[in-house]
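In the working numbering, the protein residues as written are 162 to 363.
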């Protein structure tokens, strides 16, 4: 009796598995990936005892420096002795001015003060040996009455002061050599006088 031949083994459906794998690969490639979640910006850290940096400010161009001496403001009227103490009032001043004297000392100023609050200030006093310049972003107001006081943010000790003196408003500076170039000329820097009657400064 002849032995029967073994039954043939059916081939594995390799083609079907290959097609299924290719389909899954194409599906994965066609699915857009989700973008990574955005990280929230870190909050600024405030260190105790360290003043915050002032916001960026745009400074206007100062009035042009006069090429010749400008006439001085008229003298202030002579006032009699007041019977009562004068009540301090907030300063209001809005002026752009420039002046020059016979010694070639010049003043260029742009100031805006409303009800004792300094809203804008940039001033430059110069002489043949150098110049000093002050701008509000470098200072913070610490007082309104009886006079305005601005202190340097960098804690250099520089202080700007504004007060009324008859028909004039005075801008003076104390311990501000760091704002002069060279610093040695600060001792010769005179206060700026804003004359409210004629809109001029000296």
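Note that the Cβ used here is the ideal one computed from N, Cα and C, for glycine as well. Computed from a predicted structure; not experimentally measured.
In the three-state reduction of the DSSP assignment, residue 234 falls in the coil class. Counting the other Cβ atoms within 10 Å of the Cβ of residue 272 gives 16 or more, which makes it buried. Contact annotation: residue 312 and residue 303 have beta-carbon atoms nearer than 7 Å. Going by beta carbons, residue 223 and residue 269 fall inside the 7 Å limit. A residue is called buried when at least 16 other Cβ atoms come within 10 angstroms of its Cβ; residue 226 does not meet this threshold and is exposed. Collapsing the DSSP output to three states places residue 252 in coil. Under the three-state reduction of DSSP, residue 338 is assigned to helix. Relative to residue 319, the option among 347, 248, 259 and 335 whose CA is nearest is 335. Under the three-state reduction of DSSP, residue 219 is assigned to coil, being neither helix nor strand. Only residues of its own chain outside the window of five on either side were considered, and among them 285, 286, 341, 342 and 346 have a CB closer than 8 Å to the CB of residue 292, listed in chain order.
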